[in-house]
Structure formats: structure tokens, C-alpha cells
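Take any residue in the sequence shown, count from 1 to its spot, add 69: that is its number in my numbering. We put the CB at the ideal spot given by N, CA and C, even for glycine. Remarks on the structure that follows.
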Amino acid sequence: MGQKLSERELALYRAVDEVLHYIWDPIGVAGAPGARDEYYGYLPTVYGMVKDGREALEIARYLGEVAVEGMGLSPDAENDLKVAQTLVQWREAIGADEV
């Protein structure tokens with residue numbers, strides 16, 4: 070990241086990390102402690118989208134592209150949208166868009 074995050078930004082970053090690992094989890098590794106870092110490569114982009122106030126549909130499209138094009142998985146637009154809506158709810162709950 071290269072910069073120090075505010076308390077709200079750090080809380081949002083952690084929430085995005087948790088949501089990606091435990092809710093999005095397109096390859097099903099949430100129960101494997103050794104795979105905790107599996108989605109770290111996508112975390113900065115998703116965090117940036119959430120923090121920048123992107124709409125759930127745009128975030129869902131990105132998650133879908135990652136799963137389909139990057140991981141070779143079948144599309145799951147319904148789950149991607151559910152995850153993206155959860156991320157937007159976290160942003161609103163934390164108030165990270167007010168920083």
C-alpha cells in the first residue's frame with residue numbers, strides 16, 4: 070500500500086479481506102488455515118473500488134472477471150453481487166467513504 074491508513078480505512082481494508090476470504094471464496098479455501106492469503110492479490114483492487122465509492126454492480130463485475138478469466142471458474146454473478154453488496158454495506162457501516 071505504501072501509505073499509512075486511517076483507522077476507518079484500516080477497518081475497511083480488514084473487512085474487505087475478510088469478505089473476500091470467507092464470503093466470496095470462489096475456490097473454497099475459507100476452511101484451510103494455510104490458504105489465508107489466497108486472495109491477497111485481489112485485495113488492493115477490491116479495497117480501492119470499495120473505498121472509492123464504486124457501486125456494487127461494478128465491484129461484482131470485477132469479482133466475476135477475476136473468477137472466470139483469472140481462475141478459470143464458471144460465472145456466479147448472483148454470488149458476486151451478494152458479495153459486492155456486502156462490501157458496500159461494510160463501507161457504509163464503517164463510514165470509510167467519509168474520510
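Roughly how many angstroms lie between the CA atoms of residue i and residue j, to the nearest whole one?
i, j, result
"LEU142", "LYS73", "35 Å"
"VAL152", "GLU138", "18 Å"
"VAL115", "ILE96", "17 Å"
"ALA136", "GLY110", "13 Å"
"LEU126", "ASP145", "13 Å"
"ARG160", "ALA84", "9 Å"
Kindly indicate which three-state DSSP category residue i falls into: helix, strand or coil?
i, result
"VAL98", "coil"
"GLN154", "helix"
"LEU79", "helix"
Am I right that residue i and residue j are in contact with their C-beta atoms under 8 Å? What's the rounded C-beta distance?
i, j, result
"LEU112", "LEU89", "6 Å"
Which runs of the beta strand (DSSP E) at least 3 residues long sit entirely within the segment 104–151? Give them in chain order. Qualifying beta strand (DSSP E) stretches: none in this window.
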